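S.K.: Chains as they are written, first to last, in our numbering: chain A, 2 to 105; chain B, 412 to 713; chain C, 17 to 409.
Note that beta-carbon positions come from the ideal geometry of N, C-alpha and C, so glycine has one too.
Just so you know, these numbers come straight off a predicted model, no measurement behind them.
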Amino acid sequence: MKMEFEFPTPLTTVPSTANKTGVWRTFRPVINYEKCIRCYICWKFCPEPAISFVPGDKYPAPSEAFLKRDAVEINYDYCKGCGICANECPKGAIDFVLERGDGQ
Amino acid sequence: MRNTTIPEEEYMLPGHVACLGCGAALAMRYALKALGKKTIVSVPACCWAVIPGVYPYRTLEVPLLYTAFEVTGAAISGIREALEVLGQDDVTVMGWAGDGGTADIGIQALSGAMEREHNVIYVMYDNEAYMNTGVQRSGATPFGAWTTTTPVGKLRIYKKERKKPVAEMMVAQGVPYVATANIAYPEDLIRKLRKAKEMKGPKFIHIYATCPTGWRVPPNKTIEIAKLAVQTRVFPLYEVENGVYKINVKPKERVPVRDYLRMQGRFRHLTEEEVELIQKMVDEEWEKLLLKEEMTNRVRKE
Amino acid sequence: MITGNEAAAWGARLARVKVVSAYPITPQTKVVEKIAEFIANGEMDARYIRVESEHSAMAACISAENTGVRTFTATSAHGLALMHEMLMWAAYARLPIVMAVINRAMAPPWSIWADHQDSMAQRDTGWIQIYSESNQEELDAVLMLYKICEDKDVLLPAMTMMDAFILSHTMEPVDIPDQKLVDDFLPELDLPHRLDINRPAGHGSLIMPEGPVMEYRKAMADAFAGVRDKILKVEEEFREIFGREYGGLVEEYRTEDADAIAVVSSTIASTSKEVVDRMRERGLKVGLARVRYFRPFPHRELREIAKKTDMLGVIDRSYTFGYGGALYAETKGVLYGHSDIPVKNYIMGIGGRDVTPEILEKVFMDMLKIAKDGAVDREVEWVGLIGDERWSA
Chain A
2 MKMEFEFPTP LTTVPSTANK TGVWRTFRPV INYEKCIRCY ICWKFCPEPA ISFVPGDKYP
62 APSEAFLKRD AVEINYDYCK GCGICANECP KGAIDFVLER GDGQ
Chain B
412 MRNTTIPEEE YMLPGHVACL GCGAALAMRY ALKALGKKTI VSVPACCWAV IPGVYPYRTL
472 EVPLLYTAFE VTGAAISGIR EALEVLGQDD VTVMGWAGDG GTADIGIQAL SGAMEREHNV
532 IYVMYDNEAY MNTGVQRSGA TPFGAWTTTT PVGKLRIYKK ERKKPVAEMM VAQGVPYVAT
592 ANIAYPEDLI RKLRKAKEMK GPKFIHIYAT CPTGWRVPPN KTIEIAKLAV QTRVFPLYEV
652 ENGVYKINVK PKERVPVRDY LRMQGRFRHL TEEEVELIQK MVDEEWEKLL LKEEMTNRVR
712 KE
Chain C
17 MITGNEAAAW GARLARVKVV SAYPITPQTK VVEKIAEFIA NGEMDARYIR VESEHSAMAA
77 CISAENTGVR TFTATSAHGL ALMHEMLMWA AYARLPIVMA VINRAMAPPW SIWADHQDSM
137 AQRDTGWIQI YSESNQEELD AVLMLYKICE DKDVLLPAMT MMDAFILSHT MEPVDIPDQK
197 LVDDFLPELD LPHRLDINRP AGHGSLIMPE GPVMEYRKAM ADAFAGVRDK ILKVEEEFRE
257 IFGREYGGLV EEYRTEDADA IAVVSSTIAS TSKEVVDRMR ERGLKVGLAR VRYFRPFPHR
317 ELREIAKKTD MLGVIDRSYT FGYGGALYAE TKGVLYGHSD IPVKNYIMGI GGRDVTPEIL
377 EKVFMDMLKI AKDGAVDREV EWVGLIGDER WSA
């Protein structure tokens, strides 16, 4: 059966989000929300990017005032575990632990 | 509620296949934040020809034209002229090539495109070797570096030639806007790319993009090393507008080059004397850069 | 009265080419100079990218065409050779670029005169190839090629060849078609896979062996197989509008009852027509098959022609260093299993060596002898070498 093509040359049209690079991880960054001051430096330096913004009250915070600011959340479907976020966090609020592969 | 120091909108999707901690991926992420949706990107053979993944996947939210290795300058010239014909001169054209594809095999097409003054932005993202093909030495590999074609060995053959100063070559050619940028300074990078977007004519941007894989550093150090490159003056951040230099970051303290070199496996073989030699070279280049800034500003005032 | 180069330039102008990207090389220079003149005088609305090498010329044509505009370029010999990588890129990217190639010898030693080594060496790149024998044909070829190439079932690039100096620099009377007629004949380019900011796709990404790469190539091969029909259709349309025809992929000249037929391209064919007429006047039954399209290779036409005669003399103006010249090797290839008449290869005109009517008459006499003998004396022969008495006048 002959293949029918939409275009004469192969065009890539499928978003790469179909490729869950989270499986690459050996180490996993874990945000400690008690320490996180929501400066967004981790979001800024993520190469995937696998960090996104979520409503401020989704996670605990160092104090009440911080809850007003949006929090960040790591998307473990894509996080490759490079550790830049943990290395750059000014408050050391991101732990970098061995990936156990069990979603913990 | 939140405020960020760089634009929030993403034009790059996760799921791409860049290495852990890839500086080139970050560079593109920032560049597209600066340029926005109405952009066409041309990419030759380089890491970025592989990063979006294999067919049928795409990672950018803008059209990406893959081209042969040496043609970026010519490719962006063609896209721009065609867009002018179609009356789409509000679309930004960006050539995005590696250091090998620019300084070596791509130098002819780059020089030609800049000389013809097409309205294009040429970005050389610099990971300082032919990384995509396995860390072979390029003209932009810095003095002292191990690469797979300068593998040190018993005869201590590391890269003995200085880094080809492509940005300076572009200034010498009279390109109206030439700038260096660095992934550890995304606000500055975005500002420069935005500036380039607003200007008509040829623009050349040289982005320092850490390669943890090729430089033999842990991937979590990508930003730290990039910052150190600027702080030690190994990779000065500056821009040249119509020949007038402006150094953007003048480190207050003199951070020794040793701190930068000793973080990287590719410089592990260097003796203390060789490290001193590199310090001298860096100091010399920095002095020259300061003089260029002084001189060109003086000439402009007169 | 215009030269071949000017004819090619006129073709580009009438086709309303929008981007020209070219680099100078003797003897192509007048093509691009004429185009630059047209643009400078406001007679042609196009952008001219004065690139810094032929490789960049083709690269810029590729990216401009991929953005969705009609492009044109011209080159010769070393310029064509330098473009080789990009020729393959243009074809695989399915871009209907049209290029004028002035056939010139390759170096070393340097020669600016006509031979076909340059274009023959590119026959595997996936480009349609046509050889013109007159300036009129060159102009018309440019127009017809855009129509053929931009067809959605084709989408392949094409090169049209002219012999260096013999056509490129020689003035001949040329009828320059009316722009309005050309506009009716040639619609605007509508490239299905153009770059579009409303469609953020990757054009030309990495593809794995298990991805449909082989299938896309097959689709391209199928498109190439369909080109012959498109050629015939477009030439018919052209004849209806402009009143000129050229005989399809292979122009037959006095082949009906020929004892021997020369298979030959380009200006050697033009000279050969004179020789055929002279010999026919003397009662010698010779004919000529002028191969216009080398790609697609006219296997059907050549098989039909072989049926009409007792011998084929294939004249090549290049040499493959394989077995004979390219036209000879491919002709014999398609005749295998279809004809067992003797076929001989005459290598002539290399490095621009002059091919005179006198030498051609000797070649035709040799062909007639072989037709009578029923077998070739030798399969490949270089004709016109200095000191070779057999072929001198």
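1. For A387 of chain C, which residues from the same chain have a beta carbon less than 7 Å from its beta carbon, with the 5 sequence-adjacent residues on both sides left out?
2. Are at least three pairs of beta-carbons, each pair with one atom in the segment 473 to 491 of chain B and one in the segment 506 to 521 of chain B, less than 8 Å apart?
3. Which residues mark the beginning and the end of the beta strand (DSSP E) in which E652 of chain B is found?
4. Helix, strand or coil for G338 of chain C per DSSP?
5. Any beta carbon from chain A within less than 7 Å of G373 of chain B's own beta carbon?
6. Grouping DSSP H, G and I as helix and E and B as strand, with all else coil, what is I451 of chain B?
7. Contact check, V170 of chain C vs G242 of chain C under 8 Å by CB: the rounded distance?
8. Check whether the Cβ of M99 of chain C lies closer than 7 Å to any Cβ atom in chain B.
9. From what residue to what residue does the beta strand (DSSP E) around Q145 of chain C run?
10. Alpha carbon to alpha carbon, what distance is there between A121 of chain C and W129 of chain C?
11. For I223 of chain C, return the contacting residues in chain A, with the cut-off set at a CB-CB distance below 8 Å.
12. Give the single residue among C:S281, C:A345 and C:E297 whose Cα lies nearest to the Cα of V371 of chain C.
13. What span of residues does the beta strand (DSSP E) with L521 of chain B cover, start to end?
14. Using a Cβ-Cβ distance cut-off of 7 Å, determine whether T14 of chain A contacts chain C.
15. Across which residues does DSSP place D537 of chain B in a beta bridge pair?
16. Give me the chain A residues within the contact set of H209 of chain C, using Cβ-Cβ distance strictly less than 8 Å, ordered along the chain.
17. In or out: H219 of chain C buried (at least 16 other Cβ within 10 Å) or exposed?
18. According to the neighbour-count rule (16 or more other Cβ atoms, all chains shown, within 10 Å of its Cβ), is K699 of chain B buried or exposed?
19. Scan the segment 44 to 72 of chain C for residues whose Cβ lies nearer than 9 Å to a Cβ of chain B and list them as they occur along the chain.
20. Please list the partners that T417 of chain B has in chain A, where partner means a Cβ-to-Cβ separation under 8 Å.
21. Am I right that E267 of chain C and R308 of chain C are in contact with their C-beta atoms under 8 Å? What's the rounded C-beta distance?
22. Of all the beta strand (DSSP E) runs that stay within the bounds of the segment 231 to 304 of chain C, which reach a length of 3 or more residues?
23. A556 of chain B CB to nearest chain C CB: under 7 Å?
24. With H, G and I counted as helix, E and B as strand and the rest as coil, what does DSSP make of G49 of chain C?
25. On the DSSP bridge assignment, give the partners of N361 of chain C in chain order.
26. Please classify H680 of chain B: does DSSP put it in a helix, a strand, or coil?
27. What are the partner residues of R215 of chain C, as DSSP defines its beta bridges?
28. Starting from K657 of chain B and walking both ways along the beta strand (DSSP E), at which residues does that stretch end?
29. Okay, do the segment 564 to 576 of chain B and the segment 548 to 555 of chain B touch, 3+ Cβ pairs below 8 Å being the bar?
30. Should L197 of chain C be labelled buried (16 or more other beta-carbon atoms within 10 Å of its own) or exposed?
31. Using a C-beta cutoff of 7 Å, does E81 of chain C count as contacting chain A?
32. So that I know if they touch, is there some Cβ in chain A lying closer than 7 Å to that of I616 of chain B?
33. Thinking just about the alpha-carbon of each residue, which of B:E528, B:V496 and B:I487 is nearest to the one in A508 of chain B?
34. G340 of chain C: which of C:I321, C:R394 and C:F181 sits nearest, CA to CA?
M.R.: Reading from the atomic positions:
1. D275, A276, D326 and M327
2. yes
3. Y649 to E652
4. coil
5. Residue 373 of chain B cannot be examined here, being either before or after the span of chain B that is shown, 412 to 713.
6. Strand, per DSSP.
7. 7 Å
8. no
9. Looking at the DSSP string, the run of the beta strand (DSSP E) that includes Q145 of chain C is I144 to Y147.
10. 6 Å
11. P11
12. C:S281
13. Element bounds for L521 of chain B: not the beta strand (DSSP E) but the alpha helix (DSSP H), I518 to E526.
14. Closer than 7 Å: yes.
15. For D537 of chain B, which the question treats as bridged, DSSP gives the partners B:Y619.
16. F8, P9, T10 and L12
17. buried
18. Exposed is the call here.
19. Listed by position along the chain: D61, A62, R63, Y64, I65, R66, V67, E68, S69, H71 and S72.
20. According to the sequence as given, residue 417 of chain B is Ile; it is not Thr. The contact set of I417 of chain B on chain A, defined by CB atoms closer than 8 Å, consists of K45 in chain order.
21. About 6 Å separates the two Cβ atoms, so the contact holds.
22. 266 to 269 and 276 to 280
23. no
24. Rather than Gly, the amino acid found at residue 49 of chain C in this sequence is Glu. Helix at E49 of chain C.
25. Partner residues in the beta bridge of N361 of chain C, as assigned by DSSP, are C:V330 and C:V396.
26. coil
27. C:D212
28. V655 to I658
29. yes
30. Counting every other CB atom within 10 Å of its CB across the protein chains shown gives L197 of chain C a total below 16, marking it as exposed.
31. no
32. no
33. For the residues B:E528, B:V496 and B:I487, the minimum Cα distance to A508 of chain B belongs to B:I487.
34. C:R394
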